[in-house]
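Participant: Anchor point for the sequence shown: position 121 equals 130 in our numbering, and the numbering is continuous, going up by one each time. I have a structure I would like to understand better, so I am pasting it below and will then ask my questions one at a time.
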Amino acid sequence: MTEQSPAVSTAHPPETLLKVMNPAVKLLLRTPLAGALGRQMMVLNFTGRKSGRQFSVPAGAYKLDNALYALANAGWTANFADGATADVLHAGKTTLMRGELIRDPATVADLAHRAAQSYGAKTAQRIMGLKFRADSVPSLAEFTEAAQREKLRAVKFTPA
Numbered sequence: 010m011t012e013q014s015p016a017v018s019t020a021h022p023p024e025t026l027l028k029v030m031n032p033a034v035k036l037l038l039r040t041p042l043a044g045a046l047g048r049q050m051m052v053l054n055f056t057g058r059k060s061g062r063q064f065s066v067p068a069g070a071y072k073l074d075n076a077l078y079a080l081a082n083a084g085w086t087a088n089f090a091d092g093a094t095a096d097v098l099h100a101g102k103t104t105l106m107r108g109e110l111i112r113d114p115a116t117v118a119d120l121a122h123r124a125a126q127s128y129g130a131k132t133a134q135r136i137m138g139l140k141f142r143a144d145s146v147p148s149l150a151e152f153t154e155a156a157q158r159e160k161l162r163a164v165k166f167t168p169a
């Protein structure tokens, strides 16, 4: 008997492609040519919590409940564990914002599920870096399972 793939899983591009694309995306988002990408993506400029290093990270941008969120399973999210400020470039404007890490899988799943529903299955997979087993948006329960398995996190950004 073959095991069925998860309803939601992460689908990141290869690391070598990211090393080329991330600088290009960061540059593009700083220009008027960003268009729709400038609303779907943001660049986070922040200081490392422990290292003190400066980071500049492109991330998906999700507007939910009058707040801006990043959803990821990347290590950089830990820098917002105790709350931290970041210069956030989104929709052509840079704003000083406070980021708060959200680890609770149920909360993260709810945010990801609502974002996916707003985009529709096909677009959500492309924008969110996720892969869905079916051609429809998975259920909240399936997103919750994925949030736990994939260690998905959210960072909520509000004006500082």
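C-beta: ideal position from N, C-alpha, C; glycine also.
Have a look at D91 and G57 and give me their C-alpha separation to the nearest angstrom.
Facilitator: Taking the sequence shown and counting its residues from 1, the one referred to as residue 91 is at position 82. Taking the sequence shown and counting its residues from 1, the one referred to as residue 57 is at position 48. The alpha-carbon atoms of D91 and G57 are separated by roughly 12 angstroms.
Participant: Hey, out of V29, E159 and M50, whose CA is closest to D113's CA?
Facilitator: On the sequence shown, position 104 is the one that residue 113 refers to. D113 has its Cα closest to that of E159, out of V29, E159 and M50.
Participant: What separation, rounded to the nearest whole angstrom, lies between the Cα atoms of G101 and E12?
Facilitator: Sequence index remark: in the sequence shown, residue 101 carries index 92 (1-based). Sequence index remark: in the sequence shown, residue 12 carries index 3 (1-based). If you take the alpha carbons of G101 and E12, they lie about 45 angstroms apart.
Participant: Taking DSSP as the reference, what is the three-state secondary structure of N54?
Facilitator: Position 45 of the sequence shown, counted from the first residue, corresponds to residue 54. Here N54 sits in strand by DSSP.
Participant: Name the DSSP bridge partner or partners of H99?
Facilitator: Position 90 of the sequence shown, counting from 1, holds the residue named residue 99. Paired residues: M51 and K102.
Participant: Could you check what DSSP says for E109 in three-state terms: helix, strand or coil?
Facilitator: Within the sequence shown, the letter at position 100 stands for residue 109. Here E109 sits in strand by DSSP.
Participant: Would you check if there are 3 or more beta carbon pairs closer than 8 angstroms linking the stretch 33–51 to the stretch 61–70?
Facilitator: Because the criterion of three Cβ pairs below 8 angstroms is met, the stretch 33–51 and the stretch 61–70 touch.
Participant: State yes or no: is the C-beta of N31 within less than 9 angstroms of the C-beta of L98?
Facilitator: Position 22 of the sequence shown, counted from the first residue, corresponds to residue 31. Position 89 of the sequence shown, counted from the first residue, corresponds to residue 98. No; because the gap between Cβ atoms is not below 9 angstroms, this pair is not in contact.
Participant: Which residues in the same chain have their Cβ closer than 7 angstroms to the Cβ of W85, if we skip the five residues on either side of it in sequence?
Facilitator: For the purposes of this step, residue 85 is taken as the residue at position 76 of the sequence shown. For W85, where only same-chain residues beyond five positions count, the Cβ hits under 7 angstroms are F64 and V66.
Participant: With F152 as the anchor, note down where its alpha helix (DSSP H) starts and where it stops.
Facilitator: Taking the first residue of the sequence shown as position 1, residue 152 is located at position 143. From DSSP, the alpha helix (DSSP H) with F152 extends over L149 to R158.
Participant: How many angstroms separate the CA atom of A137 from the CA atom of K28?
Facilitator: Here residue 137 refers to the residue found at position 128 of the sequence shown. Here residue 28 refers to the residue found at position 19 of the sequence shown. Ala is not the amino acid found at residue 137; the sequence shown has Met there. M137 and K28: Cα-Cα distance of roughly 18 angstroms.
Participant: Between the C-alpha atoms of F152 and A125, what's the straight-line distance to the nearest angstrom?
Facilitator: Start at 1 with the first residue of the sequence shown, and residue 152 comes out as number 143. Start at 1 with the first residue of the sequence shown, and residue 125 comes out as number 116. One C-alpha to the other measures close to 10 angstroms.
Participant: Is it true that the CB of A155 sits closer than 9 angstroms to the CB of P147?
Facilitator: Position 138 of the sequence shown, counted from the start, is the residue given in the question as residue 147. Position 146 of the sequence shown, counted from the start, is the residue given in the question as residue 155. Yes. Within cutoff.
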